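Residue numbers for the sequence shown follow our numbering, so the first one is 33 and each next one is one higher. Remarks on the structure that follows.
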Amino acid sequence: MTSLFNEQETIAIRRSEPIRNARQEAQVATLDLSGTEKLIEQLAIYDNPLLNAGSGLLALLVSLPRQGSPLDIDGFRQQLLDGIADFKRHGLFLDYHPSVIEKSCFVLCAAFDETILYTSWGEKSRWENHSLLSKVFNQRDGGEVFFSLLDQARRQPAKLVDFLELQYVLIMLGFLGKYRHAERQKINELKSELYTIIRYYREESALQVPKTPELPEVQKPWCFLSSTKLLLITLSVLLGAYFFSEYWYQNRSEATLLAFSSLKMDGFGHATQNQDLVYVSTDEDLGLVSTAKEQVPQPETTVSPTAGWEILLAGFAERADGERLAKDLRAAGYSVTLNDVDGGTELIVPDQADMTKAKLLKNELNVRFGLNASVRRNRQQ
33 MTSLFNEQET
43 IAIRRSEPIR
53 NARQEAQVAT
63 LDLSGTEKLI
73 EQLAIYDNPL
83 LNAGSGLLAL
93 LVSLPRQGSP
103 LDIDGFRQQL
113 LDGIADFKRH
123 GLFLDYHPSV
133 IEKSCFVLCA
143 AFDETILYTS
153 WGEKSRWENH
163 SLLSKVFNQR
173 DGGEVFFSLL
183 DQARRQPAKL
193 VDFLELQYVL
203 IMLGFLGKYR
213 HAERQKINEL
223 KSELYTIIRY
233 YREESALQVP
243 KTPELPEVQK
253 PWCFLSSTKL
263 LLITLSVLLG
273 AYFFSEYWYQ
283 NRSEATLLAF
293 SSLKMDGFGH
303 ATQNQDLVYV
313 STDEDLGLVS
323 TAKEQVPQPE
333 TTVSPTAGWE
343 ILLAGFAERA
353 DGERLAKDLR
363 AAGYSVTLND
373 VDGGTELIVP
383 DQADMTKAKL
393 LKNELNVRFG
403 LNASVRRNRQ
413 Q
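Structural data, given as structure tokens:
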């Protein structure tokens, strides 16, 4: 069986290499991140070196109440112990007495223990049996010692203002200690006193006040006129139209009256009773003039310029009607007379020497009394 594989030499066949593209891939710019760990460690967020050194622990402390139960409680506890050890190791390089770093580690452990103990998963895991204080300092009364250290630091605030500020931050994040079951007024007074002390030794923040950007002017959108404005505009238009029509009527009516007054109304009478126009026919209209008389040439008569005129106011079938109107006209100061004619009675204003004045008087009577008077020659001459 083995001779089958030894008769010929074994030939090594390699896979052919793929043809490379003619164009080279663009070089991707790489960012050198070497040394960033040191930059993060040296990052100074606060003016307080203790807060800068413990910023990672403080961030974790803030998020604990919102986190669920860790999958590995022992691993999580060891992570916190490593964080406390890193804080202690970093604090040895700061310009503090070693006792200040030791006390800072103590208050941080006390804050973590209290926060975890009052979570649902901390109570179930029996955290108090393996707390950070018991592991690092072999103590369990962190709530009492925390405020004892606070009282000691308050006696020399000029030297321990950074430590006081660390404790103030922990209290503001929810640490209560021995004041958890006491009246909150005491812890509030303590917060106010600590803030006053820290504010006395801290200068104003160097943060720049943000400038409000220049916002573009927003134009109001165009909208229809309100109902009130529309009503006012409509009333203004109506009033303007009314006054314009009145002005136009006054100017046009005067011209119309003058045009009507120029019409000759001889032979027409006006009856006030029936409000009818009465035409008084002449002999010529009735054909009573003889033919022979028509053929006789009449001598031309010249009318003197001083011939009289009279104003025919109206004609009445009954004389009593004319007397009533004559009475009203005389009461108004006009001189009128009644003349009996064939078929009725005429009411006239006699003896008008000037025709122009007679026309003006006629127009006045027409307007005042609603008549349809006319000017004619005086028939009594």
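Note that beta-carbon positions come from the ideal geometry of N, C-alpha and C, so glycine has one too. All of these numbers come straight from a predicted model, not from anything done at the bench.
Spatial neighbours of residue i in its chain, beta-carbon cut-off 8 Å, leaving aside the 5 residues before and after
| i | result |
| --- | --- |
| I203 | I219, L222, K223 and L226 |
| L257 | I265 |
| S152 | S101 |
| V94 | L205 |
| L126 | P81, L82, A85 and I133 |
| L247 | none |
From the options, residue whose alpha carbon lies closest to that of residue i
| i | options | result |
| --- | --- | --- |
| A364 | S268, D79 and R400 | R400 |
| L113 | H122, G100 and S163 | S163 |
| W341 | G375, A352 and D386 | D386 |
| A185 | Y274, I229, E146 and T147 | I229 |
| P199 | L182, V94, D106 and G347 | A quick correction: the sequence has Gln, not Pro, at residue 199. If we check each option's Cα against that of Q199, L182 comes out closest. |
| R417 | V139, K191, D194 and T151 | In the structure displayed, the chain extends from 33 to 413; residue 417 sits before or after that span and is not available. |
| P347 | L397, D145, L403 and K391 | With the sequence shown as reference, residue 347 is identified as Gly, and Pro is not the correct amino acid for it. Of the listed residues, the one whose Cα sits closest to G347 is L403. |
| D145 | F125, P245, G206 and C255 | G206 |
| S285 | P81, N395, L344 and A190 | N395 |
| R168 | S406, S157, Q188 and C137 | Note that residue 168 is Val in the sequence shown here, rather than Arg. Selected option, being the one with the closest Cα: C137. |
| D374 | R98, D79 and R351 | R351 |
| Y128 | G107, N80 and N170 | N80 |
| G376 | C255, E246, P382 and A349 | A349 |
| R411 | L357, V368 and L344 | L344 |
| R156 | I105, C255, S277 and F275 | It is Lys, not Arg, that sits at residue 156 in the sequence shown. When each option's Cα is compared against that of K156, the closest is I105. |
| L82 | Q99, R98 and K120 | K120 |
| I116 | Q99, L90, L263 and N161 | L90 |
| Q384 | R409, D372 and T260 | R409 |
| E197 | N170, C255 and R234 | R234 |
| V201 | S87, Y366, L361 and R362 | S87 |
Counted within 10 angstroms of its Cβ, other Cβ atoms place residue i as buried (16 or more) or exposed
| i | result |
| --- | --- |
| K135 | buried |
| T266 | exposed |
| R109 | buried |
| Y232 | exposed |
| Q282 | exposed |
| F195 | buried |
| E378 | buried |
| D353 | buried |
| F275 | exposed |
| T338 | Bear in mind that a pLDDT of 46 at T338, under 50, signals an unreliable position, so the number given afterwards is only what the model happens to contain. The residue is exposed, with fewer than 16 neighbouring Cβ atoms inside 10 Å. |
| L192 | buried |
| V250 | exposed |
| L361 | buried |
Neighbourhood of residue i by C-beta, 7 Å cutoff - its chain only, sequence neighbours within 5 removed
| i | result |
| --- | --- |
| K210 | G175, E176 and F179 |
| H122 | A85 |
| G154 | I148 |
| L30 | Coverage of the chain is limited to positions 33 through 413, which leaves residue 30 absent and any answer about it impossible. |
| A358 | V368, L370 and L379 |
| E278 | none |
| E355 | L370 |
| P189 | L196, I229 and Y233 |
Close Cβ partners of residue i (< 6 Å) along its chain, the five nearest in sequence each way excluded
| i | result |
| --- | --- |
| A159 | According to the sequence shown, residue 159 is Trp rather than Ala. Counting only Cβ-Cβ distances below 6 Å, and skipping sequence neighbours, we find I148 and L149. |
| N398 | A405 |
| L96 | T147 |
| V132 | F195 |
| L393 | none |
| V269 | none |
Whole-angstrom C-beta distance between residue j and residue i, which should lie under 8 Å
| i | j | result |
| --- | --- | --- |
| L165 | A143 | Not really, about 10 Å apart at Cβ, beyond 8 Å. |
Segments assigned beta strand (DSSP E), at least 3 residues, entirely inside the segment 109 to 172: none
Beta strand (DSSP E) runs contained entirely in the segment 338 to 413, provided each spans 3 or more residues: 341 to 348, 369 to 373, 376 to 384 and 406 to 409
Minimum length 3: unbroken beta strand (DSSP E) runs contained in the segment 165 to 213: none
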